[in-house]
Amino acid sequence: MGDVVERARELVPLLRANGDKTEQANQALPENLAAVREAGLFRIPTPVEWGGLGLGLRAEVAVAAELARGCPSTGWLLMVNSAGRGLLQGMFAPDVVEAIYAEDPDVTIANAGSAGGVAVRIDGGYSYTGSIPYASGCTHSAYTLALANGVVENGEPAMALSSVLVRTEEAEIKYVWDVAGMRGTGSNTVVATDLFVPEPHVAYHPINPETGAPEGMGTPTHTLTATANVLAPLVGTAQGALELVQELFGKGKPVFYTVHGAIADSHGARTWLAEAAHHVDTAWQHLWRVVDVLEPALEQHADLPDAERTRLRMHAASAVREARAGLSKIMDLGGAGAFASANPLQRFFRDFETGSRHWTVNPFIALEDHGSALLGRAPLSSIAL
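Quick note on numbering: the sequence shown equals residues 1 to 385 in my numbering.
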């Protein structure tokens with residue numbers, strides 16, 4: 001794993017230098033994507049026999065976090081692609097997956113967790129109509145993975161969901177991504193209208209009448225990987241911001257209206273920096289706790305009980321809380337100047353505050369579910385987790 005992390009680390013200066021350009025473009029820069037592709041980082045979760053690196057969750061998390069040190073949006077996109085490949089490999093027939101990777105081993109797959117749209121069975125496949133919001137990476141991805149909650153078989157609604165692998169160029173991209181942070185993810189909306197999708201590119205998920213759960217979509221433990229993946233660029237973003245403010249100490253940033261000639265001369269500022277670093281370190285500890293428990297469960301195809309899954313989600317919520325606390329102190333040290341448009345600290349701050357509101361790390365639902373699980377009460381509030 002160390003080799004891919006080192007490759008990602010070598011890209012940090014480039015990503016940091018292109019940070020402002022990435023945000024202005026409102027999508028990933030071709031230069032950044034080419035560098036990630038050349039480093040082979042898109043292939044992390046793909047089996048070796050299909051041209052991948054055959055690495056697991058720990059490598060996905062470490063590399064996404066490393067890229068986020070330089071550019072949070074690029075780290076986020078690496079995470080989304082890893083998740084997309086995992087879904088592709090887990091839900092579609094091996095010959096379909098193999099053909100896609102044979103066409104382009106570095107193919108990127110945009111996806112979003114929201115369900116919507118209708119897939120109607122026709123000769124040779126399905127006619128798909130739907131809107132896929134928050135499709136991170138759709139502007140550069142060959143495929144976009146949609147989840148249709150309406151399926152029609154033989155003219156009748158079916159008790160099923162379907163995962164639909166859409167060729168992005170055959171759909172329309174609505175450029176609606178206009179947010180305060182994570183602008184470089186290009187998380188626009190992909191729209192398809194009566195789009196023909198061949199049957200091998202549609203995974204059919206019948207609803208189990210006893211449990212109400214769709215089949216072939218992974219266990220709740222497998223779904224929890226989304227939480228670990230989302231955490232990675234968030235903690236990496238906080239780490240990147242910490243490194244930026246440490247550079248200010250080295251440059252002799254003044255503390256106005258004090259006796260200190262430079263911020264490093266201030267005992268208070270040094271203490272504030274230590275506390276910020278400790279908060280970020282603690283966020284890392286919570287993140288790795290999630291990975292330490294989750295990765296072996298995935299490898300053993302074991303489903304964790306509710307109490308353990310909700311405990312991991314509490315660790316995820318705590319990672320976000322600690323990273324946010326550290327980032328707050330980092331911005332204190334940066335001062336009002338840290339919010340100037342030319343200062344990269346404000347971009348890291350906005351990217352974190354936007355990305356950390358992702359549904360997979362919702363803190364109050366995590367708290368609600370953990371309390372219920374500890375008392376053995378079901379069902380939990382979270383539908384997916």
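For glycine and all other residues, C-beta sits at the position ideal for the given N, C-alpha and C.
Just so it is clear, the structure is predicted and the values come from calculations on it, not from any experiment.
Short Cβ contact (8 Å threshold) for residue i with residue j
i: N32; j: R183; result: no
i: G137; j: G186; result: yes
i: T219; j: A384; result: no
i: A102; j: T74; result: no
i: G236; j: L67; result: yes
i: A283; j: A232; result: no
i: A407; j: H279; result: Nothing can be reported for residue 407, as the shown portion of the chain is limited to 1 through 385.
i: V361; j: A317; result: yes
i: V80; j: L88; result: no
i: R309; j: T193; result: no
i: E243; j: R58; result: no
i: G355; j: L234; result: yes
i: V152; j: V179; result: no
i: V230; j: H358; result: yes
i: A171; j: T211; result: no
Residue i to residue j span [Cα, whole Å]
i: P72; j: V293; result: 25 Å
i: E169; j: L248; result: 44 Å
i: S382; j: I365; result: 7 Å
i: I263; j: P254; result: 5 Å
i: M386; j: L165; result: Any question about residue 386 goes unanswered here, given that the chain covers just 1 to 385.
i: R321; j: W76; result: 19 Å
i: E60; j: A146; result: 22 Å
i: N188; j: W177; result: 5 Å
i: V48; j: Q285; result: 30 Å
i: A21; j: L333; result: Sequence inspection shows Lys at residue 21; the Ala mentioned does not correspond to that position. If you take the alpha carbons of K21 and L333, they lie about 25 Å apart.
i: P105; j: G150; result: 32 Å
i: H140; j: I109; result: 9 Å
i: V63; j: A39; result: 11 Å
i: R377; j: N154; result: 40 Å
i: N208; j: P45; result: 29 Å
i: K174; j: P30; result: 20 Å
i: P100; j: L287; result: Before going on, a small fix: residue 100 reads as Ile here, not Pro. Whole-angstrom Cα-Cα distance: 32 Å.
i: A34; j: V202; result: 29 Å
i: T271; j: V245; result: 13 Å
i: G335; j: S114; result: 38 Å
i: A269; j: F256; result: 13 Å
i: R313; j: P133; result: 25 Å
i: A8; j: S127; result: 40 Å
i: G252; j: D3; result: 35 Å
i: P198; j: V12; result: 40 Å
i: A302; j: N18; result: 42 Å
i: G250; j: H267; result: 15 Å
i: D123; j: S163; result: 18 Å
i: S131; j: E156; result: 22 Å
i: D281; j: A65; result: 13 Å
i: L78; j: S328; result: 26 Å
i: E10; j: G84; result: 24 Å
i: T258; j: P363; result: 39 Å
Rounded distance between the beta-carbons of residue j and residue i, thought under 8 Å
i: A112; j: A135; result: 5 Å
i: A241; j: F349; result: 7 Å
i: L380; j: A373; result: 7 Å
i: H260; j: R311; result: Not quite, the Cβ-Cβ distance comes to about 44 Å (not below 8 Å), so this is no contact.
i: G196; j: G116; result: In the sequence as displayed, the identity of residue 196 is Phe instead of Gly. 19 Å between Cβ atoms; not a contact.
i: A238; j: F352; result: 6 Å
i: P214; j: A93; result: Not really, about 17 Å apart at Cβ, beyond 8 Å.
i: A276; j: G326; result: 5 Å
i: A142; j: R167; result: 7 Å
Of the residues the options, the one placed nearest residue i, counting alpha carbons only
i: S397; options: T139, D3, T225; result: Because the chain in this structure spans residues 1 to 385, residue 397 falls outside the shown range and cannot be described.
i: A148; options: H205, F339, R311, I263; result: H205
i: Q346; options: E199, I330, A213; result: I330
i: E6; options: R377, T22, A277, V36; result: V36
i: V107; options: F42, L298, V120, R289; result: F42
i: Q24; options: P344, G124, A302; result: P344
i: L14; options: A62, G52, G70; result: G70
i: V190; options: E210, T129, E368, E199; result: T129
i: E299; options: L55, S131, W50; result: L55
i: M217; options: L161, T211, T271, V230; result: L161
i: G86; options: G52, P305, T258; result: G52
i: A342; options: R16, G252, V12, G250; result: R16
i: D95; options: I132, H301, W50; result: W50
i: P305; options: L375, D281, T258; result: L375
Residue-chain proximity (residue i, chain C), Cβ-Cβ < 8 Å
i: A269; result: Although the question refers to chain C, the structure presented lacks it and comprises just one protein chain.
Unbroken beta strand (DSSP E) runs of length 3 or more, entirely within the region 171 to 254: which are they? Note on the region 171 to 254: whole beta strand (DSSP E) runs with a minimum of 3 residues are 172 to 174, 188 to 198, 202 to 206, in chain order.
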